[in-house]
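A short worksheet on the structure shown next.
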Amino acid sequence: MEPDNRAGIFFDVDSFWMSVADAPVPYPPTLLGVLPRTDLDVLRVCSIFAILRSSTIFTELVPADVFDNFQRDWRRISLMHAVKYSAEGLPVSTPVRHWSRIYLEKLVGSLSGEHPQLSSVKVILGLEHRFYAWSIPSKFEIHISLVMRHYLMTTNIIFSNVVQWAMNLEERLDDGDKEAVAAFVTRGPNAALDKLSDSILGYLFSLFFDCNVSALGAPRPRDERTFRIANRITNLQLEFMIAHELGHIVIPEDGLSAAEIEGRCDDFAREALKDEPEGPGWVLLSISLLFRVMALERLIGHLLYGSISDWRHGVDWDQMAVLERIGSPLSASWVESNAMTAFPSSFESYSMALFERMKYRLKDLGKAGVYSHFSELKEDMSIPDRDDFIKQLMAAMVSLHLEHPELRDMKGE
Ligand SMILES: [Zn+2]
Numbered sequence: 002m003e004p005d006n007r008a009g010i011f012f013d014v015d016s017f018w019m020s021v022a023d024a025p026v027p028y029p030p031t032l033l034g035v036l037p038r039t040d041l042d043v044l045r046v047c048s049i050f051a052i053l054r055s056s057t058i059f060t061e062l063v064p065a066d067v068f069d070n071f072q073r074d075w076r077r078i079s080l081m082h083a084v085k086y087s088a089e090g091l092p093v094s095t096p097v098r099h100w101s102r103i104y105l106e107k108l109v110g111s112l113s114g115e116h117p118q119l120s121s122v123k124v125i126l127g128l129e130h131r132f133y134a135w136s137i138p139s140k141f142e143i144h145i146s147l148v149m150r151h152y153l154m155t156t157n158i159i160f161s162n163v164v165q166w167a168m169n170l171e172e173r174l175d176d177g178d179k180e181a182v183a184a185f186v187t188r189g190p191n192a193a194l195d196k197l198s199d200s201i202l203g204y205l206f207s208l209f210f211d212c213n214v215s216a217l218g219a220p221r222p223r224d225e226r227t228f229r230i231a232n233r234i235t236n237l238q239l240e241f242m243i244a245h246e247l248g249h250i251v252i253p254e255d256g257l258s259a260a261e262i263e264g265r266c267d268d269f270a271r272e273a274l275k276d277e278p279e280g281p282g283w284v285l286l287s288i289s290l291l292f293r294v295m296a297l298e299r300l301i302g303h304l305l306y307g308s309i310s311d312w313r314h315g316v317d318w319d320q321m322a323v324l325e326r327i328g329s330p331l332s333a334s335w336v337e338s339n340a341m342t343a344f345p346s347s348f349e350s351y352s353m354a355l356f357e358r359m360k361y362r363l364k365d366l367g368k369a370g371v372y373s374h375f376s377e378l379k380e381d382m383s384i385p386d387r388d389d390f391i392k393q394l395m396a397a398m399v400s401l402h403l404e405h406p407e408l409r410d411m412k413g414e
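Quick note on numbering: the sequence shown equals residues 2 to 414 in the numbering used here.
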């Protein structure tokens with residue numbers, strides 16, 4: 002299974018890469034007993050497959066033949082593991098370490114001196130198509146969907162690609178042209194940028210129905226640096242979300258409005274992340290992107306399900322209520338005392354421009370355009386027919402084992 006040339010291939014070891022890479026490929030006869038029986042099983046296999054598949058990242062620098070061969074094998078292996086894990090449950094207990102355990106342990110380690118009750122908190126992972134983390138403070142439980150990490154990572158890879166592209170372009174121009182670049186990124190006609198905007202919007206649209214997540218493309222970062230940036234931002238976003246939920250567990254809610262509670266939990270989470278080795282610039286950038294993605298997701302929900310008669314003026318396109326959460330007093334004082342280093346700061350400006358562009362894209366499409374995009378996507382991402390799905394699965398199993406006879410000796414449990 003070793004590719005001839007691994008240049009440009011990266012492993013997202015904070016996800017479930019280890020559990021797939023270290024476990025033997027399930028032997029076909031053992032899979033026969035756990036094939037999906039219902040549509041719900043098929044949906045679950047598709048979601049787990051998308052998550053496992055995305056833990057190997059192929060940059061655009063990977064040569065086409067290596068990409069084709071290695072990606073095909075990796076997809077088949079991930080699919081077989083997905084069938085197994087769908088029936089048996091994901092390997093989330095020890096000794097497998099993955100992001101939710103890593104961040105929880107880290108945060109509890111630094112906060113439990115002041116809040117000893119946090120030592121009892123558990124993170125419970127699900128597969129819901131939702132963009133939220135939530136907690137049950139009385140049970141010391143934090144619930145997060147694995148699909149959300151997958152979506153964050155994906156949108157961050159697309160963002161990092163676009164921003165790196167724009168920054169490289171800017172470097173080649175003189176000062177007088179920089180304004181033109183900014184305008185270009187924001188609104189100027191550009192088919193490539195519209196395509197990228199649509200791919201992020203596609204991910205966000207798909208959160209509003211049960212779908213086959215693996216039918217959405219897996220974006221390829223431009224290079225190693227782009228992958229590392231996206232990975233760093235995703236990790237800080239998830240750590241912030243877990244810290245926010247820990248805030249719900251320790252902050253007394255009596256007499257506070259819902260908005261005040263959210264504000265205090267945001268402050269608690271920012272404070273918990275203040276000593277991150279990446280520095281405050283990266284933390285602020287990651288939080289800012291997180292809130293903007295959440296605001297965009299909320300806006301899409303409003304467009305699809307709100308009763309709006311006046312599309313242009315009746316929609317809260319500015320979304321100040323959500324975006325105000327980015328700029329709490331604590332964050333303002335942070336910005337003052339920790340001037341953002343140049344890179345996260347320019348990254349943020351370009352991503353703001355891209356967010357605006359996506360909003361304008363929705364506005365330009367109008368109600369009818371958004372609905373037709375949405376229904377096309379619903380069709381493309383429908384849950385596969387169970388019998389067809391099983392046929393494809395069997396074909397993948399057989400080809401993998403024929404092409405890699407060495408796997409025949411690895412009889413899984
Ligand atoms: Zn909250």
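Glycine is no exception: its CB is placed at the ideal position from the N, C-alpha and C atoms.
Between LEU91 and LEU126, the gap from beta carbon to beta carbon is short of 8 angstroms.
A distance criterion of 7 angstroms places the beta-carbon of HIS151 beyond contact range of ligand 1, judged by its closest non-hydrogen atom.
Put simply, of LEU291, HIS151, ARG265, ILE78 the residue whose alpha carbon is nearest the alpha carbon of HIS402 is ILE78. Between ligand 1 and HIS249, a heavy atom-to-CB distance of less than 7 angstroms is present. Taking a contact to require three or more Cβ pairs closer than 8 angstroms, the stretch 217-228 and the stretch 107-119 do not qualify as touching. For HIS144, the secondary structure class from DSSP, reduced to helix, strand or coil, is strand. Beta-bridge partners of PHE12 (DSSP): THR57. DSSP places LEU217 in the coil class of the three-state scheme, outside both helix and strand. In the three-state reduction of the DSSP assignment, GLY127 falls in the strand class, which pools E and B. Relative to GLU325, the option among ILE309, LEU105, PHE348, ALA260 whose CA is nearest is ALA260. By the CB criterion at 8 angstroms, MET81 and MET398 fall inside the cutoff. DSSP places ILE243 in the uninterrupted alpha helix (DSSP H) bounded by 225-251. Under the DSSP assignment, ALA134 falls in the beta strand (DSSP E) whose first and last residues are 134-137. In this structure, the C-beta of HIS245 approaches ligand 1 to less than 7 angstroms from one of its heavy atoms.
About 6 angstroms separates the beta carbon of LEU297 from that of MET359, a gap short enough to meet the 8 angstroms contact definition. When TRP318, ILE234, ARG387, ALA192 are compared, the shortest CA-CA separation from PRO278 is found for ILE234. Restricting attention to LEU208, ALA354, GLY367, the CA atom closest to the CA of SER310 is found in GLY367.
Taking 8 angstroms as the cut-off, the beta carbon of ARG299 is found no closer than this to the beta carbon of VAL43. In this structure ILE137 does not touch VAL124 by the C-beta definition: roughly 12 angstroms separates them, more than the 8 angstroms allowed.
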